[in-house]
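K.L.:
So that we are looking at the same thing, I have put the structure below in C-alpha cells.
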Amino acid sequence: MDIKKALATASLAIAAFTLVGCTAVAATDAASTESSTSAADSTTTDSTASSTSEDAASMPAGGPDGGGPGGEAGSGTVATSTADLDALIDTALGDASLGIHRGHQPIESVLDEVLGISHAELHARMDAGQNLAAVATDLGIDPQTLIDALVADFSPVIDQALEDGIITQDQADDYLAQLEEAFTERVNFEG
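Residue numbers for the sequence shown, in mature numbering (1 follows the signal peptide of the UniProt record, and there is no 0): -26 to -1, 1 to 165.
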C-alpha cells in the first residue's frame, strides 16, 4: 500500500472518528445536565450519540468516552473491501487524540478478559499515567500476552476477507503484520 494513500486513509478515518466521538461527548454532556438547551436536546436524538451516551455516562469522571461508537471491532465485524480492513487497522491503533486512553470501547472485552480488572480501575490507572503495557506488567501479565489476545480478536475479520476472496494471501499476511504493529504501538503508547 502506498504510504501517502495509507496516511490519507488514516487521516480521514481519524477525522471521522473524532467528529463522531465529539458528537457523542456533546450528547452525553447534554443528557447529564438538567439545564440542557434545545440544541443539546437535538444532539441527543442522533442514534449514534444516544447509543454511546449510555456507555459514556458510566465512565468515571475525567476519562474520555469509550472511543466512539462501533462496539467490538473484532467480534461480528465483516470486511467487504480493503477500505474496511484499513479501517480495522486504524481501530486497532486507536485514536491518538484521546491520549494514553486511545478509546477502549472496540477492545474493551479483550482488556477485561486479559487484565481481569474493571474498566473503571483501568481508567484510574491510566489517569495516573500507566499505559496498557505498564498496567499489564503491574498485574503480572506480559504485555505481549495482551497484544496477542488483541490480534487474535481482530484477525478473524482478515481471515474472513481472505476466505471471501476480497484479499489475497499476501495481502492477508500484510494486514496481520499491520495489526500486530498497531496493537504493539497501542499497548506501549506513552501519550
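Heads up, the beta-carbon is just placed ideally off N, CA and C, and yes, glycines get one too.
Does the region 87 to 104 come within contact of the region 117 to 130, defined as at least 3 CB pairs closer than 8 Å?
P.N.:
yes
K.L.:
Given this structure, state the Cα-to-Cα distance separating D138 from A108, to the nearest angstrom.
P.N.:
For the purposes of this step, residue 138 is taken as the residue at position 164 of the sequence shown. For the purposes of this step, residue 108 is taken as the residue at position 134 of the sequence shown. Computed Cα separation, rounded: 38 Å.
K.L.:
I need the boundaries of the alpha helix (DSSP H) containing P131, first residue and last residue.
P.N.:
Walking along the sequence shown from the start, residue 131 turns up at place 157. Note that residue 131 is Val in the sequence shown, not Pro. It spans P117 to E137 - the alpha helix (DSSP H) in which V131 sits, taken as one unbroken run.
K.L.:
Please report the distance separating the alpha-carbon of T65 from that of P80.
P.N.:
Translated into positions along the sequence shown, residue 65 becomes position 91. Translated into positions along the sequence shown, residue 80 becomes position 106. Spanning the two alpha carbons is a distance of roughly 7 Å.
K.L.:
Near N162, what residues of its chain come up, given a Cβ to Cβ distance below 6 Å and the 5 sequence neighbours on each side ignored?
P.N.:
Walking along the sequence shown from the start, residue 162 turns up at place 188. Scanning its chain for C-beta atoms nearer than 6 Å, with the 5 sequence neighbours on each side dropped, one finds around N162 the residues A107, in chain order.
K.L.:
Would you mind giving the Cβ-Cβ distance between A156 and I63, rounded to the nearest angstrom? I have them listed as a contact below 8 Å.
P.N.:
Sequence index remark: in the sequence shown, residue 156 carries index 182 (1-based). Sequence index remark: in the sequence shown, residue 63 carries index 89 (1-based). About 5 Å separates the two Cβ atoms, so the contact holds.
K.L.:
From E95 to Q104, what does the alpha carbon distance come to, in whole angstroms?
P.N.:
In the sequence shown, residue 95 corresponds to position 121, counting from 1. In the sequence shown, residue 104 corresponds to position 130, counting from 1. Approximately 11 Å, taken between the alpha carbons.
K.L.:
When the distance is taken between beta carbons, is E159 closer than 8 Å to L67?
P.N.:
Counted from its first residue, the sequence shown places residue 67 at position 93. Counted from its first residue, the sequence shown places residue 159 at position 185. Yes. Within cutoff.
K.L.:
Does A102 pass the burial test, meaning 16 or more other C-beta atoms within 10 Å, or should it be called exposed?
P.N.:
Here residue 102 refers to the residue found at position 128 when the sequence shown is read from its first residue. Its Cβ having fewer than 16 others within 10 Å, A102 is exposed.
K.L.:
Please name the residue, chosen from A53, L59 and H75, that lies closest to A98 on a Cα-to-Cα basis.
P.N.:
Your numbering for residue 98 matches position 124 in the sequence shown. It is H75 whose Cα lies nearest to the Cα of A98.
K.L.:
Taking 8 Å as the limit between beta carbons, can you name the residues of its chain near T142, skipping five residues before and five after?
P.N.:
As a first step, residue 142 is located in the sequence shown; it is residue number 168 there, counting from the start. Within the same chain, T142 has close Cβ partners L136.
K.L.:
For the alpha helix (DSSP H) holding V52, just list the boundary residues, first then last.
P.N.:
Translated into the one-based positions of the sequence shown, residue 52 becomes position 78. Per DSSP, V52 belongs to no alpha helix (DSSP H) and is neither H nor E.
K.L.:
Closest to residue 232 by CA distance: which of L72, I115 and A70 is it?
P.N.:
The first residue shown for the chain is -26 and the last is 165, placing residue 232 beyond what the model contains.
K.L.:
Considering only the alpha carbon of each residue, which of I132, D144 and E154 lies closest to A57?
P.N.:
Against the sequence shown, residue 57 aligns to sequence position 83. Comparing Cα-Cα distances from A57 to each of I132, D144 and E154, the minimum goes to I132.
K.L.:
What residue range is occupied by the uninterrupted alpha helix (DSSP H) comprising A110?
P.N.:
Walking along the sequence shown from the start, residue 110 turns up at place 136. Counting along the chain, the alpha helix (DSSP H) containing A110 begins and ends at L106 to D112.
K.L.:
Alpha carbon to alpha carbon, what distance is there between D144 and Q118?
P.N.:
The count along the sequence shown starts at 1 and reaches residue 118 at position 144. The count along the sequence shown starts at 1 and reaches residue 144 at position 170. Q118 and D144: Cα-Cα distance of roughly 24 Å.
K.L.:
Using beta-carbon positions only, say whether Q134 and A70 come within less than 8 Å of one another.
P.N.:
Locating residue 134 in the sequence shown gives position 160, counting from the first residue. Locating residue 70 in the sequence shown gives position 96, counting from the first residue. Contact: no.
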